[in-house]
Amino acid sequence: MVPPSRSPGEERGSRTVVSATRHRFLVKNEDAGLRLDQVLAARVPEFSRRKARALIDLGGVFVDGARVKVAGRVLKVGQEVVANVGSAFERATKETGKAARTKDEAHLPEFRIVYTDTDVCVVDKPAGLLTAPTPESDRGNLARMLAEHLGGAVFVVHRLDLGTSGLLVFARNQETNRALAEVFRAHNVERVYWAVLLGSPAWEEKTVTADVGGKSAETTFKVLEMVGTKATLAMCTLKTGRTHQIRLHAAAVGFPVMGDKEHGTASALDPPRMALHATVLGFVHPRTRQALRFESAWPDELGRWAEGLRSDKALGERP
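Just so we're aligned, residue 13 is where the sequence shown starts under the working numbering, counting upward by one.
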């Protein structure tokens with residue numbers, strides 16, 4: 013059966029992401045001694061100093077591999093500058109600093125803290141919210157928002173894709189971060205997802221072991237229910253946790269995750285966002301050694317969509 017929805021609340025949608033354009037250059041003799049914003053305005057096409065300062069404030073500029081957020085940083089000959097211009101910059105206003113950050117993050121969906129102590133924090137992430145900073149920006153992501161909410165540093169242990177919702181654990185100190193990183197490397201984590209796949213598999217359970225990114229990967233798919241006539245609710249259990257693993261393995265066996273625009277197939281039945289949700293997360297607490305296990309309900313917007321597929325026979329018969 014379709015997993016139960018959350019209690020009624022604000023619908024959480026996804027958002028369009030514009031691929032970042034990467035501008036890379038070395039500081040020349042004529043640039044030496046100039047401010048970072050001056051050099052960016054001169055070296056990045058169609059850039060003014062105002063735009064340069066906005067990008068710096070967003071966190072999209074790196075000097076010699078380190079993110080730099082000071083427009084007045086004086087550059088030296090031979091330094092490497094990388095400017096990443098994408099969707100975050102497109103959303104930026106003329107303001108910089110706190111005002112711009114408030115406007116940029118105000119539209120983001122809310123996250124829910126499931127559990128926290130002095131070592132770990134488990135969060136239910138909505139679709140449409142980045143897990144961590146990107147080269148394009150260090151704003152508008154769950155890690156940053158969580159750190160501000162908790163009033164202290166958090167460390168990213170693992171990630172969920174922008175369009176995926178569900179459970180994540182963050183470390184709250186360096187020691188816990190190292191311990192949890194080892195737990196995840198050893199795959200001593202219970203990670204279960206629900207996904208709605210396009211099509212009707214002949215099998216009830218299937219384990220896929222195709223490599224992802226040149227590394228071994230294993231996902232077990234178990235059919236839970238046919239949703240309508242052309243979609244299938246599946247439980248996906250990860251043995252490993254590679255980038256896009258479930259999405260790639262589902263597509264590899266011919267039943268892609270519905271709503272996956274990158275690895276899937278467009279359909280008239282597509283959901284309002286990618287139909288993938290991290291529903292179970294379990295691990296041993298690195299300090300107390302207590303076994304922790306958390307569950308997250310199927311999101312409302314996917315529940316309503318799935319009910320529509322099940323009940324609307326005409327919709328279920330469309331190609």
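Every residue gets a Cβ at the ideal spot worked out from N, C-alpha and C, and that includes glycine.
- The bridge partners DSSP lists for SER149 are THR146.
- Using a Cβ distance threshold of 8 Å, ALA207 and ALA287 count as a contacting pair.
- Counting along the chain, SER323 sits inside the alpha helix (DSSP H) bounded by residues 312 to 323.
- Residue pairing by DSSP puts LEU179 in a beta bridge opposite ASP136.
- DSSP, read as helix, strand or coil, puts LYS227 in strand.
- When the beta-carbon positions are compared, LEU293 and VAL134 come within less than 8 Å of each other.
- Beyond the five residues adjoining it in sequence on each side, ASP131 comes within less than 6 Å, by CB distance, of ARG184, THR188 and ARG299 in the same chain, given in chain order.
- If only complete runs of 4 or more residues are kept, the region 151 to 221 shows the alpha helix (DSSP H) at 154 to 162 and 186 to 197, in order along the chain.
- For TRP215, the closest of PRO147, PHE233 and THR255 by C-alpha to C-alpha distance is PHE233.
- Here DSSP, grouped into helix, strand and coil, assigns ALA64 to helix.
- In this structure, ALA100 is the residue among ALA100, ASP136 and ASP129 with its C-alpha nearest to the C-alpha of HIS119.
- Look at ARG259 here: in three-state DSSP terms it is helix.
- For the 8 Å CB-CB criterion, PRO284 and TRP310 do not form a contact.
- For PRO57, the number of other beta carbons within 10 angstroms of its own is below 16, and it is reported as exposed.
- Using a Cβ-Cβ distance cut-off of 8 Å, the region 217 to 226 and the region 193 to 203 are not in contact, since fewer than three pairs of beta carbons, one from each stretch, lie closer than that value.
- For GLU313, the number of other beta carbons within 10 angstroms of its own is at least 16, and it is reported as buried.
- Assignment of VAL126 by DSSP, reduced to helix, strand and coil, places it in the strand class.
- Counting C-beta atoms within 10 angstroms of its own C-beta, ARG322 has 16 or more neighbours from the protein chains shown and is therefore classed as buried.
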